[in-house]
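Colleague: Chains as they are written, first to last, in the numbering used here: chain F, 60 to 350; chain R, 60 to 358.
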Amino acid sequence: MSALYDLLAAPFVDFAFMRRALVACAALSIGCGPVGVLLVLRRMSLIGDSMSHAVLPGAAIGFLISGVSLVSMSIGGFVAGLLVALASGLVSRVTQLREDASFAAFYLISLALGVLIVSTRGSNVDLMHVLFGTILAVDDRSLVLVSAIATVSIGVLAVIYRPLLVECFDPGFLRSVGGHGALYHILFLVLVVLNLVAGFQALGTLMAVGLMMLPAAAARFWSGSVWSLGAVSAFIALLSGYVGLLLSFHVDLPSGPSIVLTAGVIYVLSMLGGTHGSLRQNLIARPHYES
Amino acid sequence: MHRRSFLFSALLVPLALASGAAHAADGKLKVVVSFSILGDIVKNVGGERVVVTTLVGPDGDAHVFEPTPADARAVAAADLVFVNGLGFEGWMDRLIKASGYSGPLVVASDGVPSRTMDEDGRTVTDPHAWQDLGNGRRYVENIAAALAAADPAAASAYGATASAYEAALAAKDQWVRDELAGVPAERRKIITSHDAFGYFGAAYGVTFLAPVGVSTEDEPSAAGMARLIRQMKKEGVRVVFFENMTNPKLIETLAREAGARVGGTLYADALSPPGGPADTYLKMFDNNLPQLKAAMLGM
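(1) Closer than 8 Å, CB to CB, is E316(R) near chain F or not?
(2) Since D254(R) sits in a beta bridge, which residues does DSSP pair it with?
(3) For the segment 255-274 of chain F, list every residue whose C-beta sits within 7 Å of some C-beta in chain A, in sequence order.
(4) According to DSSP, simplified to helix, strand and coil, what is D138(R)?
(5) By Cβ distance, which residues of its chain are closer than 6 Å to G119(R), with the 5 residues on each side in sequence left out?
(6) Taking just the CA atoms, how far does Y243(F) sit from P222(F)?
(7) Is there a Cβ of chain F sitting closer than 8 Å to that of L359(R), yes or no?
(8) Pick from I89(F), A160(F) and V225(F): whose alpha carbon is nearest that of M103(F)?
(9) Leaving out five residues before and five after W150(R) in sequence, what residues of the same chain have Cβ atoms less than 7 Å from its Cβ?
(10) Helix, strand or coil for F74(F), going by three-state DSSP, please let me know.
(11) To the nearest angstrom, how far is it from the Cα of Y326(R) to the Cα of G260(R)?
(12) If T267(F) and S111(F) are in contact, beta carbons under 8 Å, what's the gap, nearest whole angstrom?
(13) Between A68(F) and chain R, is any beta-carbon pair separated by less than 8 Å?
(14) Measure from the alpha carbon of L268(R) to the alpha carbon of each residue in L88(R), A281(R), M291(R) and T339(R), then state which is nearest.
(15) How is the beta strand (DSSP E) around F280(F) delimited, first residue to last?
(16) Could you round the C-beta distance between L98(F) and M272(F) to whole angstroms and report it? I think they count as a contact, below 8 Å.
(17) For R102(F), which of helix, strand or coil comes out of DSSP?
(18) Using only CA atoms, which one of R108(R), F94(R) and L351(R) lies nearest to Y217(R)?
(19) I want to see whether chain F comes within less than 8 Å of M343(R), judged by CB atoms only; does it?
(20) Who are F122(F)'s beta bridge partners in DSSP?
(21) Give me, in chain order, the residues of the same chain whose beta-carbon lies closer than 7 Å to that of L348(R); leave out the 5 immediate sequence neighbours on both sides.
(22) Taking a Cβ distance cut-off of 7 Å, strictly less, list which residues of the segment 311-331 of chain F are near chain R, in chain order.
(23) Pairing CB atoms from the segment 248-261 of chain F with CB atoms from the segment 138-145 of chain F, are three or more of them under 8 Å?
(24) Assuming A163(F) and A139(F) are in contact, meaning their beta carbons sit under 8 Å apart, how far apart are those beta carbons, in whole angstroms?
(25) What would DSSP say about A327(R), mapped onto helix, strand or coil?
(26) Comparing alpha-carbon positions, which option in G300(F), V285(F), S337(F) and G121(F) lies nearest L67(F)?
(27) So what's V171(R) in DSSP terms, helix, strand or just coil?
(28) In the segment 210-235 of chain F, which residue ranges form an unbroken alpha helix (DSSP H) of at least 4 residues, counting only runs that do not cross its ends?
(29) Below 8 Å on the Cβ atoms is my contact criterion, and I expect V171(R) with N194(R) to pass it. Report the Cβ-Cβ distance as a whole number of Å.
(30) Indicate whether A75(F) and E316(R) have their beta-carbon atoms separated by less than 8 Å.
(31) Are the beta-carbon atoms of Q190(R) and A131(R) separated by less than 8 Å?
(32) Would you say the segment 302-315 of chain F touches the segment 281-289 of chain R, given that touching needs at least three Cβ pairs under 8 Å?
(33) V176(R) bridges to which residues according to DSSP?
(34) Does any residue of chain R bring its CB to less than 8 Å from the CB of L195(F)?
(35) Using a Cβ-Cβ distance under 8 Å, would A167(R) count as near chain F?
(36) Just grab the DSSP bridge partners of S313(F) for me.
As structure tokens, this is what we get:
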């Protein structure tokens, strides 16, 4: 019993930084889980990745203006991410270019700009290390920010849930009944950017997308309805955070990658043995289809 | 890396042949010094008679220095080149070969009893001998002898400046000892990520502990953080000094959790820019010692 306690609970009881990290993971999970699921459903899985690069120049400019400041780096990242999202959305709606291509174009421009800003300002502190936070160093202000973003995400998602889903599955129908598809789409993109900013404060940009997309992709193998997909995804994200932190503590691994790799393992297991369209089911089902 | 240095030497050969070593027109010795602290010592000994070019300037890291063609030109044109030695300037041999410099290479740490240190698990010679002011005096003697050999006419002048500077170093040495005399033996512990204080610790009786578990370069693990916090609590350390650690939020987290505070800036293997708190060898001790003492006393 005490061995189990040492393994699973003691790190969080003994160290405040572990507790903070876990709370940050929980807040991130609640926000990122449902948002990730909607990205998967809208076939925008890779948009999250490109958006995470798009916030880089904004965060870098924020850092150059006022140093390691949570507020300015978050606002900078949010503005840059939003600009890229809106510009790509606009281009794809008023020109013939598809959304993924215009996203790729704008995020690459944004990324190059970010690297340019980071490189021209060579300081003693490696800017990349500052931009890529670590969940072990989450402070009170970051916790408040991440929790606030999670709260806003859930609230806004609840309000735009129905039209957003209709826009996902049948955009023509939404237009025919007079819905403003573009409005919901943009609101949703704002949520994506907000959650990425939250994740980049806590986990660093690259890792943030991992906690958004992997649990969402894994959840697809466990549920068929959108509502429960979001819940399962948030649960998997939280589980990944908890197990990843324990791994980082007991096996001496860097925390961000352990969390995301844990989510990756859960994804592979779900893909192999999930209850909805997993490999296991397809293998069992095949004779049925063939007969 | 190798390809770059090859390219670099190829570019420099004609340059070196063209310039050649010669005394400056005004009769001053042209001296090239590897890094800022040694540069200050050479300036103090050489005074008006030498023109000192320092390769790795203030706040620069001599461990990972990448020489530029301008540096090679300075070396090629020098009458004397000074290095610390003890493996500190790994790039110097290549630079000298590439520049075509054929004059004397003076190792300032010659005759200093060397210490070893642990670097990434390997035991290597600790080059930071100047952190012991006694060794600093040895540096001064070596430098004065080399300057006198290169410029025999001014030998007695170098001897005079050297003895005056040695007296200042001896006074500073005594000041450090006096300041530390009031610190009880069991409190003489410092946790710092600087690895440059081995000689200082041995000379003045202070134990320097490396922060375990947290590397300054990689993303930390929770295990590493926990080890460091336990170590700080166990040693009763209330101040920790970090060398430009990567993430300031990480340091704050560590300090908060261990009930410690983060110490100020220590200058260990480079001086501050002119006008800064440690722009000379002597002022480096004025900057570091009060901070170390306050940390040991838990203030």
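Note that the Cβ used here is the ideal one computed from N, Cα and C, for glycine as well.
Since the model is a prediction, treat every value here as computed from it, not as a measurement.
Modeller: Short version:
(1) As a first step, residue 316(R) must be located in the second sequence, where it is residue number 257. Answer yes: the Cβ-Cβ gap between E316(R) and chain F drops below 8 Å somewhere.
(2) The count along the second sequence starts at 1 and reaches residue 254(R) at position 195. Answer is none; D254(R) lacks a bridge partner.
(3) Here the protein chains are F and R, and chain A is not one of them.
(4) Here residue 138(R) refers to the residue found at position 79 of the second sequence. Correct three-state label for D138(R): coil.
(5) Against the second sequence, residue 119(R) aligns to sequence position 60. Listed in chain order, the non-local C-beta contacts of G119(R) below 6 Å within the same chain comprise A329, local neighbours out to five positions each way being set aside.
(6) By 1-based counting over the first sequence, the position of residue 222(F) is 163. By 1-based counting over the first sequence, the position of residue 243(F) is 184. Computed Cα separation, rounded: 7 Å.
(7) Residue 359(R) is absent from the model: chain R starts at 60 and stops at 358.
(8) Walking along the first sequence from the start, residue 103(F) turns up at place 44. M103(F) has its Cα closest to that of A160(F), out of I89(F), A160(F) and V225(F).
(9) As a first step, residue 150(R) is located in the second sequence; it is residue number 91 there, counting from the start. Taken in chain order, the residues that qualify are F124 and P126.
(10) Start at 1 with the first residue of the first sequence, and residue 74(F) comes out as number 15. The answer is coil: DSSP assigns F74(F) none of H, G, I, E or B.
(11) For the purposes of this step, residue 326(R) is taken as residue 267 along the second sequence, with counting starting at 1. For the purposes of this step, residue 260(R) is taken as residue 201 along the second sequence, with counting starting at 1. Each residue's Cα considered, the two are about 15 Å apart.
(12) Your numbering for residue 267(F) matches position 208 in the first sequence. Your numbering for residue 111(F) matches position 52 in the first sequence. Looking at the sequence itself, residue 267(F) is Ala, so the reference to Thr does not match. Indeed they touch by this definition, with Cβ atoms about 6 Å apart.
(13) By 1-based counting over the first sequence, the position of residue 68(F) is 9. It does not; no Cβ of chain R falls within 8 Å.
(14) On the second sequence, position 209 is the one that residue 268(R) refers to. Ranking L88(R), A281(R), M291(R) and T339(R) by Cα distance to L268(R) puts M291(R) first.
(15) Against the first sequence, residue 280(F) aligns to sequence position 221. Neither: F280(F) is in no beta strand (DSSP E) and is coded neither H nor E.
(16) Sequence index remark: in the first sequence, residue 98(F) carries index 39 (1-based). Sequence index remark: in the first sequence, residue 272(F) carries index 213 (1-based). So it is a contact: roughly 7 Å between Cβ atoms.
(17) What you label residue 102(F) is simply residue 43 of the first sequence in a count that begins at 1. Per DSSP, reduced to three states, the secondary structure at R102(F) is coil, with no helix or strand assignment.
(18) For the purposes of this step, residue 217(R) is taken as the residue at position 158 of the second sequence. If we check each option's Cα against that of Y217(R), R108(R) comes out closest.
(19) Counting from one through the second sequence, the residue named residue 343(R) turns up at place 284. It does not: the Cβ of M343(R) has no partner Cβ on chain F nearer than 8 Å.
(20) Within the first sequence, the letter at position 63 stands for residue 122(F). F122(F) is not bridged to any residue.
(21) Counted from its first residue, the second sequence places residue 348(R) at position 289. Taking C-beta separations shorter than 7 Å and ignoring five residues to either side along the sequence, the partners of L348(R) in its chain run V235 and E238, following chain order.
(22) Hits within the stretch, in order: D311, L312, P313, S314 and G315.
(23) Contact holds: three or more Cβ-Cβ distances are below 8 Å.
(24) In the first sequence, residue 163(F) corresponds to position 104, counting from 1. In the first sequence, residue 139(F) corresponds to position 80, counting from 1. Wrong, their Cβ atoms sit about 16 Å apart, outside the cutoff.
(25) Translated into the one-based positions of the second sequence, residue 327(R) becomes position 268. Coil.
(26) Here residue 67(F) refers to the residue found at position 8 when the first sequence is read from its first residue. Comparing Cα positions, the closest option is G300(F).
(27) The residue you call residue 171(R) lines up with position 112 of the second sequence. V171(R): coil per DSSP, three-state reduction.
(28) The segment 210-235 of chain F contains these whole alpha helix (DSSP H) runs: 230-235.
(29) Taking the second sequence and counting its residues from 1, one reaches residue 171(R) at position 112. Taking the second sequence and counting its residues from 1, one reaches residue 194(R) at position 135. With 8 Å as the limit, V171(R) and N194(R) qualify as a contact, their Cβ atoms being about 5 Å apart.
(30) On the first sequence, position 16 is the one that residue 75(F) refers to. On the second sequence, position 257 is the one that residue 316(R) refers to. Yes, they are a contact pair.
(31) Here residue 190(R) is taken as the residue at index 131 of the second sequence, counted from 1. Here residue 131(R) is taken as the residue at index 72 of the second sequence, counted from 1. For Q190(R) and A131(R), no; Cβs fall outside 8 Å.
(32) In short, these stretches touch, since the Cβ pair count reaches three.
(33) What you label residue 176(R) is simply residue 117 of the second sequence in a count that begins at 1. Looking at the sequence provided, one finds Met at residue 176(R) rather than Val. The partner list for M176(R) (beta bridge, DSSP) reads V183(R).
(34) In the first sequence, the residue the question calls residue 195(F) occupies position 136. Using beta-carbon distances, L195(F) counts as an interface residue toward chain R, with a partner under 8 Å.
(35) Indexing the second sequence from 1 puts residue 167(R) at position 108. No, A167(R) lies away from the interface with chain F (no Cβ there is under 8 Å from its Cβ).
(36) Here residue 313(F) corresponds to residue number 254 of the first sequence, with the count starting at 1. Reading off the sequence, residue 313(F) comes out as Pro, not Ser. Paired residues: S280(R).
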